[in-house]
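Undergrad: So the sequence shown is residues 62 to 1045, counted in the working numbering.
Just so you know, even glycine gets a beta-carbon here, dropped at the ideal spot from N, CA and C.
All values derive from a computational prediction rather than experimental measurement.
Here it is, the structure, as structure tokens.
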Amino acid sequence: MRFGVLGPLEVRTEDGRPVRVADRKVRTLLAALLARSGRVVSADRLIDDLWGDALPADPLATLRARVSQLRRTLEDAEPGARTLVESRPPGYRLDAPTDARAFADLTERAMVEPDAASRAALLADALALWRGPVFADFAELPFAVPEIVRLDELRLAAMESRAEARLELGEGAALVAELRGLVDEHPLRERLRAAYMRALYDAGRPADALAAYDDLRVRLRDELGIDPSTELAALHAAILCRDPVFTGTRGNLPADVAPLIGRDEAVRELTGLLDESRLVTLHGTGGVGKTRLAVAVARHLRGVWLVPLDEGPEAGASVDDVASFVGGVLGLRDDAGAGGSPARVLGEALRGRRTLLVLDNCEHVADPVARLTARLLRDVPDLRVLATSREPLAISGERLWTVPPLDARAAAELFAERAGIALGPGNVEAVAAICERLDGVPLALELAATRVRALGVDGLAARLDDRFRLLSSGTRDAPARQRTLRALIDWSWEPLDERERAVLRRLALHTGGSTLEAAEQICGADVDVLTSLVDRSLVVAGDGRYRLLESVAAYCAERLHEAGEYEETRRRHAAYYTELAEHADLRGPGQRDALRRLRAETGNLRATLDGAVRAGDADQALRLVNAMGWAWFLWGRSGEARRAFERALNVPGATSTARAWTWHTGFVMLDGDGTDRDERVRKALASDDDPWAHWFFGFVRAGFGDLDAIDELTTRALEGSQATGEVWGEAAALATRAAQALSAGDLNRAGRDGEQALRLFRKTGDRWGRLQATETLGLLAEVTGDYARARELHESGLRDAEELGLWTEVSGRLSRLGRIALLEGDLDAADDLHERGRRLAIRESHKRMENFADIGLALAARRRGRLDEAETILRRWLGWCRDIDGAPGLAFLLAELGFIAELRGDADHALALHTEGLAAARATGNPRAIALAQEGMAGALSLTGRPEEGAKSLTAASEARAAAGAPLPKAERGDIERIAARLS
């Protein structure tokens, strides 16, 4: 769905159909949200926007009603569009495509477009989006005024830029009439006046151009007391001299042979940076595209000279050697009559000229270049320098800008363009793999593209393990160091001393980078060596980690084998990361930091397991997976854990496998495989009778509804933990027992055990444990109708889950909060929370949380009267509930489907569903589940002409809820009141 504000407010569907927003207040609400460009607007601000001082009786409720109207209007026009209006504390936001955003995007693209014709075309497209005055039907309202002013200024700037582009194309004469009207409208804008003067001059009317300048000069003097700018005065002087060239010296920039891809934003940023800083150094690994980017930036400036230092002075050159080469590029004399040293001659020649020197490929002469640049910047005020280097110049005033590899999309586009292929379903995955393996480095991608004709994309992707032999020929016009991938990295390796080489090759064994501590202990590094390698663009530093690009890592791995250090380094790597996992504080106050560290080291931990399995070191492999088991459990990575334990257990020669089999058995069940679970659990416990193992299996079996087995396992775990004084084990067993008590309808025990578990988990500092306890206590508050307390507990759990990075738990808490919003009648907020929970569960591949969120969406759909939508969602999960979730989930699902059938008047279907649901509820032993099924039965019986049986079933349900101490709260009585009315 698209929105228009560049003129009267307009709404259109994706296929272009207009959408009528009839109500004036709803239109105003829409305009107020659009005027904030996707930012959250508080409810108080929106109320002020809509009503000012003439407030309705209940402003907040009236605002919510208008928001619902707007959502309904959008949804009716295009299914799914209601989600565009998001509920976000403290108000609402609408983040959707608008013509204003499209206008801004086109103008930004135009600003970095070096070609004048393309720039003019983009600006013409941008200006064509305007249909009239911006926010035309809301211009008098205060919220619209700042956006109107901003967009009007952008429009005028775009018109000026388009005029300048057309002047470059020689269209000055055609512009005169258009610019005359704009100048009359904005007589004091100097940029506009300059374009008008140039157009008049191009049209053969120099006298009128001079008169236009005099008119502005007089206006500025009389109205503002100032003179025209120096730029406009220079243009006036050029016209007086009848000089047709107003662009200044163009320098020696080469023409583009191929398009620059993926660097538009970088060009914009660097162009702005050169306005602020006189020395900018583009820094980055070899082949990343520093030269191409520097040239693209330079095209936006005047008086530019490109100095290719790789074609001149060699390593060991002096300052005068470099200055002499630069002077030669600029065409300066370098003989006895020049008058002074080459550095002095160069400085005098540049003084008084606004010049940009692009000093390209400085790394092999970094010291003399740095000293020359410092001298020139001190002596020549109008000079700017844009340098490219694999290491910084390290002088005062330098702004270092690291050129990153291309992102995935730009890398694929570059590769396809250079290979001469079109991206499509048949090759997009292989191209993505190539780009990822080559780190998005443009030169590597271009070298690879030359092999596509011979190998095809799939063949190339399959051979990248031998990248240095494969990428061994480039274009003939490239420098020798850029014709092969090996030569590219050799250029950076050769200047290193032996200690730097040793650290660099050992770093190659790390996957995903290393911390400083790991680099010190495994590689023998220190801060000075790592800093040197980072400065030379061989190591990438960020977020406290040091990593190698894949091609550099592959090169260094070869060097590690050549040095005979591979096995010793692998052993140090394995020992370090195994001990890291074993000592991680995963059940105490350091839990958050430990989880973050282990997540950051996922690649190294996986590499450690791979190495131990390949080496046949069973004990090393089992030490690692046993240490990682709890982290995988907390992250919800049961499939990954299952596979890891299987790999470790398959290595022969282990000293002990008992704990690993316990973990493996639990993860198999967590992964959804419940076959023969009684026998598998018994077998595991026969060799691992620790209280923790009993608790773990009790927790895992909760997902299958094995109530008796869970009770037995949890009791054994609780007794064993209390006997040994193991506080964490006691807390975990109590938390599980509380959850089971709630499921069985024993609310008193659920509250008692839940509170005790929460106290003990707080004592240990385990935030995951607090999550378990607060979830049960929050559900208990929900059951008893204390929604404020439930929300408080679930929000507390949400904060803990987010801080721990436990995204499956975050999904569950979002959905829990969605249930509370549903019960409070805020269906829009409920949908938003459930949808956020659902998306997160899908991202984390967690079926149980996805199910929980989806059921919440179905509940809201039924309450809105969208029975088909609700039924579709519920039936999607019916098979899963029968096979995996067990009786509790199945009973609830059948009850909801039965209510839908009853609402449709389908008595037979409703009765069949509730009959099956009652059987499932009785299997749980939970009086609340049984009561829900009995209420459903009453509804079905009320449709079949059996009112007495229905009334009896309804009474039994009420008595069951009362006996459980959980009478139905008012917010949940809708179905009961409907059925009771029918029976009366």
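Could I get the ranges of all uninterrupted alpha helix (DSSP H) runs contained in the stretch 107-153, with 4 residues as the minimum, in chain order?
TA: Here the runs fully enclosed are 120-138.
Undergrad: If we ignore side chains and look at the alpha-carbon of each, how far apart do G265 and R241 end up?
TA: Each residue's alpha carbon lies about 16 Å from the other.
Undergrad: Could you give the C-beta distance for T346 and S598, rounded to a whole number, given that I count them as a contact under 8 Å?
TA: Yes, T346 and S598 are in contact; Cβ-Cβ is about 4 Å, under 8 Å.
Undergrad: Beta-carbon separation of A234 and D263 under 8 Å?
TA: Yes, these two residues count as a Cβ contact at 8 Å.
Undergrad: Is it buried or exposed, D807, if we count other Cβ atoms within 10 angstroms and call 16 or more buried?
TA: Buried, since its Cβ has 16 or more Cβ neighbours within 10 Å.
Undergrad: Give the DSSP bridge partners of E459, in chain order.
TA: In DSSP, E459 forms a bridge with L340.
Undergrad: The ligand ADP and P442: does the residue's C-beta get closer than 7 Å to at least one heavy atom of that ligand?
TA: The ligand ADP is absent from the structure shown, which contains no ligand whatsoever.
Undergrad: Kindly indicate which residue of S748, P713, A715 has the alpha-carbon position closest to the one of T726.
TA: The candidate whose alpha carbon is nearest that of T726 is S748.
Undergrad: I'd like the span of the alpha helix (DSSP H) that includes L599, first residue to last.
TA: Run containing L599: none; DSSP gives neither H nor E here.
Undergrad: Locate the alpha helix (DSSP H) running through P429, then write down its first and last residues.
TA: Looking at the DSSP string, the run of the alpha helix (DSSP H) that includes P429 is 427-440.
Undergrad: Could you tell me the distance, in whole angstroms, from the CA atom of D166 to the CA atom of L215?
TA: If you take the alpha carbons of D166 and L215, they lie about 12 Å apart.
Undergrad: Secondary structure at L1029, three-state DSSP: helix, strand or coil?
TA: Reduced to three states, the DSSP call for L1029 is coil.
Undergrad: Is L795 closer than 8 Å to R828 when the C-beta atoms are compared?
TA: Their beta carbons are not under 8 Å apart, which means R828 does not touch L795 by this criterion.
Undergrad: With a threshold of 8 Å, are at least 3 pairs of Cβ atoms found where one atom belongs to the stretch 664-684 and the other to the stretch 634-651?
TA: At 8 Å Cβ cutoff, the stretches touch.
Undergrad: Does the pairing of the stretch 878-890 with the stretch 1032-1043 give three or more beta-carbon distances under 8 Å?
TA: With the cut-off at 8 Å, the stretch 878-890 and the stretch 1032-1043 touch.
Undergrad: Taking the alpha-carbon of Q652 as reference, which of A692, E963, R560, R927 has the nearest alpha-carbon?
TA: Minimum Cα distance to Q652 is reached at A692.
Undergrad: If I follow the unbroken alpha helix (DSSP H) through A982, where does it start and stop?
TA: From DSSP, the alpha helix (DSSP H) with A982 extends over 968-985.
Undergrad: When you compare the stretch 479-493 with the stretch 377-389, are there three or more beta-carbon pairs, one atom per stretch, that lie closer than 8 Å?
TA: Not touching, per the Cβ criterion.
Undergrad: Determine the direct distance from the alpha carbon of V206 to that of E292, and round the result to whole angstroms.
TA: The alpha-carbon atoms of E292 and V206 are separated by roughly 32 Å.
Undergrad: Starting from D421, trace the alpha helix (DSSP H) both ways and give me its first and last residue.
TA: From DSSP, D421 is part of no alpha helix (DSSP H) but of the beta strand (DSSP E) over 416-421.
Undergrad: Please determine if the stretch 1013-1028 and the stretch 815-833 are in contact, where contact requires at least 3 C-beta pairs separated by less than 8 Å.
TA: Output reads no: the stretch 815-833 does not touch the stretch 1013-1028.
Undergrad: Put A448 into one of helix, strand or coil per three-state DSSP.
TA: DSSP places A448 in strand when its eight states are reduced to three.
Undergrad: Please classify G855: is it buried, with 16 or more other beta-carbons within 10 angstroms of its beta-carbon, or exposed?
TA: Note that residue 855 corresponds to His in the displayed sequence, not to Gly. With 16 or more other Cβ atoms within 10 Å, it is buried.
Undergrad: Mapping DSSP to helix, strand and coil, what is G1000?
TA: Residue state, collapsed to three classes: helix.
Undergrad: Give every residue of the same chain whose Cβ lies closer than 6 Å to the Cβ of A142, excluding the five residues on either side of it in the sequence, and list them in chain order.
TA: So the list reads M62, L135, E136, once near-sequence residues are dropped.
Undergrad: Count the other CB atoms within 10 Å of the CB of G605; is the residue buried (16 or more) or exposed (fewer)?
TA: G605 comes out exposed.
Undergrad: Using the Cα positions of E628 and Y616, report the straight-line distance between them to the nearest angstrom.
TA: E628 and Y616: Cα-Cα distance of roughly 17 Å.
Undergrad: For P374, write down the residues that DSSP places opposite it in a beta bridge.
TA: Answer is none; P374 lacks a bridge partner.
Undergrad: How big is the Cα-Cα spacing for T144 and D893?
TA: So the alpha carbons of these two residues sit roughly 8 Å apart.
Undergrad: Am I right that G573 and T663 are in contact with their C-beta atoms under 8 Å? What's the rounded C-beta distance?
TA: Contact flag correct, Cβ pair sits at about 7 Å.
Undergrad: Are the stretch 470-486 and the stretch 444-452 in contact at 8 Å, needing three or more beta carbon pairs?
TA: The stretch 470-486, when compared against the stretch 444-452, does not touch it at the 8 Å Cβ threshold.
Undergrad: Going by alpha carbons, who is nearest to R278 out of A260, A268, E251?
TA: Among A260, A268, E251, the Cα nearest to that of R278 is on E251.
Undergrad: Should the stretch 968-982 be called in touch with the stretch 997-1005, which here means at least 3 C-beta pairs below 8 Å?
TA: Yes: the two stretches touch, three or more of their Cβ pairs being nearer than 8 Å.
Undergrad: Assuming H634 and T669 make a contact with CB atoms under 8 Å, what is their CB distance in whole Å?
TA: Indeed, because the Cβ distance is near 7 Å, the residues count as touching under 8 Å.
Undergrad: Go ahead and pull the three-state DSSP assignment for L155.
TA: In this structure, L155 counts as strand in the three-state DSSP scheme.
Undergrad: Quick one: any contact between the stretch 465-476 and the stretch 363-379, if contact means 3 or more CB pairs under 8 Å?
TA: Judged by Cβ distances under 8 Å, the stretch 465-476 makes no contact with the stretch 363-379, as fewer than three pairs qualify.
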